[in-house]
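*Asks:*
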Ligand SMILES: NC(=O)c1ccc[n+]([C@@H]2O[C@H](COP(=O)([O-])OP(=O)(O)OC[C@H]3O[C@@H](n4cnc5c(N)ncnc54)[C@H](OP(=O)(O)O)[C@@H]3O)[C@@H](O)[C@H]2O)c1
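Numbering (the working numbering), first residue to last: 2 to 219.
1) Take the Cβ of residue 69 as the centre, count every other Cβ of all protein chains shown within 10 Å, and call the residue buried at 16 or more, exposed below.
2) Pull up the DSSP beta-bridge partners for residue 76, would you.
3) Roughly how many whole angstroms lie between the Cα atoms of residue 109 and residue 67?
4) May I ask you to check if the CB of residue 59 is nearer than 6 Å to at least one heavy atom of ligand 1?
5) Does DSSP classify residue 171 as helix, strand or coil?
6) For the candidate residues 141, 21, 56, whose alpha-carbon lies nearest to that of residue 194?
7) Whose C-beta lies closer than 8 Å to the C-beta of residue 4 among residues of the same chain, with five residues either side of it excluded?
8) Which term fits residue 9, buried or exposed, when burial requires 16 or more other beta carbons within 10 angstroms of its beta carbon?
9) Based on the DSSP secondary-structure assignment, which residues constitute the bridge partners of residue 98?
10) Determine the burial state of residue 1: buried for a count of at least 16 other Cβ atoms within 10 Å of its Cβ, exposed for fewer.
11) Suppose the cutoff is 6 Å on Cβ atoms and the five residues either side in sequence are ignored; what does the same chain contact list for residue 212 look like?
12) Compare the Cα-Cα distances from residue 97 to each of 81, 60, 74, 115 and report the closest residue.
13) Assuming contact is defined by CB atoms lying nearer than 7 Å, are residue 57 and residue 78 in contact in what I supplied?
14) Following a CB-centred definition, is residue 94 positioned closer than 6 Å to any heavy atom of ligand 1?
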């Protein structure tokens, strides 16, 4: 990737998604970030001197990640049952791809892994979605990165190119939901995707070590 510049080098997965797009915009505007490699499955129109776009088949991530040097990974990958078509396909993206990316990144010398998970993530949850997210968190956390940051937002707020009926319905209720989500329930408040992205970029540059869980209160 050429001579190393001062600043943090970031590998971004999920750059075409709601959170990922905000991450990309922030990373490119941040003078402390020297390089961004975006792993995507379809080309990005965006160009920038700091940006390298790699169109990859996520079933063969190793072919691509082995050539990348980075300090931090920001992982915003995710799908839905509806988009993926089956629980297995959902788990492949939200757990298997995440775990494989983490394993390969560690082998490349990446020291920080920042993952968007979800409020309620728990590997033994009776709720399938939360269980898959919990398994992804566990897979990343057990690797010897210097730092792992697990972000656990509730419903994400922001404009999507395609409507998601279930989420749109929840968003209608967001103001009422926020009224009642206080105290120990504060982290169930809907959160702008932009706030999650801002936290991810901050953590990509952080020297804090260990495994950390981050909640949002709107
Ligand atoms: N939606 C919510 O309210 C909510 C709440 C809490 C947590 N979360 C979690 O937060 C994370 C980010 O959410 P988001 O709303 O920003 O996600 P999103 O908009 O759906 O974006 C997901 C990203 O993952 C990529 N992706 C999906 N399936 C893929 C596949 N088979 N192969 C390769 N890449 C694939 C997408 O690429 P393409 O653009 O090519 O599809 C996109 O870049 C997700 O893990 C989600 O579960 C979401």
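By construction, the Cβ of each residue, glycine as well, lies at the ideal position given by its N, Cα and C atoms.
*Replies:* Looking at the coordinates:
1) Residue 69 comes out buried.
2) DSSP links residue 76 through a beta bridge to 14, 116.
3) C-alpha separation (whole angstroms): 7 Å.
4) Correct: residue 59 has its Cβ closer than 6 Å to ligand 1.
5) Three-state DSSP puts residue 171 in a helix.
6) Of the candidates 141, 21, 56, the one whose C-alpha sits nearest the C-alpha of residue 194 is 21.
7) Bear in mind that a pLDDT of 49 at residue 4, under 50, signals an unreliable position, so the number given afterwards is only what the model happens to contain. The answer is none, since no qualifying residue turns up.
8) By the 10 Å Cβ count, residue 9 comes out buried.
9) In the DSSP output, where bridge partners are listed per residue, residue 98 has none listed.
10) The structure shown does not extend to residue 1, since the chain is modelled only from 2 to 219, so the question has no answer here.
11) Closer than 6 Å at Cβ, skipping near neighbours: 142, 149.
12) Per the Cα distances, 60.
13) No Cβ-Cβ contact shorter than 7 Å links residue 57 with residue 78.
14) Residue 94: yes, Cβ under 6 Å from ligand 1.
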